[in-house]
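-17 is the number of the first residue of the sequence shown in this note's numbering; add one for each residue after it. This report refers to the structure that appears directly beneath it.
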Amino acid sequence: MKLRCRRLLALNTIIPTNLFLPTTDNGKEEIVQVKIRLLHKTREEKDYLYGAEFVDLTTAQQQKITKVFDFYQKPYFFT
């Protein structure tokens, strides 16, 4: 997963994060709380771009995240 941030963050840090899922037909926004680990970073103008991995996902979290990747037609895999 990629993360864009204006602040410099420490690598190999586990960070609690909220992912906003694509809205449902009723327009209600759903949020899934996950933990990510920052693996690497690059600088792009004023922002930092981080490569991150999900940490300690539950089955329910994994199912919700799968829907996000499917919605945006992006490849994914879980280990």
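Virtual Cβ for every residue (Gly too), placed ideally from N, Cα, C. Quantities reported herein were computed from a predicted structural model and do not represent experimental measurements.
Residue j beta carbon less than 8 Å from that of residue i
i, j, result
"I18", "A34", "yes"
"L(-9)", "Y32", "yes"
"L20", "I(-3)", "yes"
Proximity to residue i [Cα-Cα], best of the options
i, options, result
"T48", "F60, L20, Y30", "F60"
"Y58", "T40, F36, A42", "F36"
"Q15", "L39, D7, Y54", "L39"
"L(-15)", "F53, Q55, R25", "R25"
Start and end residues, alpha helix (DSSP H) containing residue i
i, result
"A42", "41 to 53"
N- and C-terminal bounds of the beta strand (DSSP E) containing residue i
i, result
"D29", "29 to 37"
"N0", "-4 to 3"
"L21", "12 to 26"
"L(-15)", "-16 to -13"
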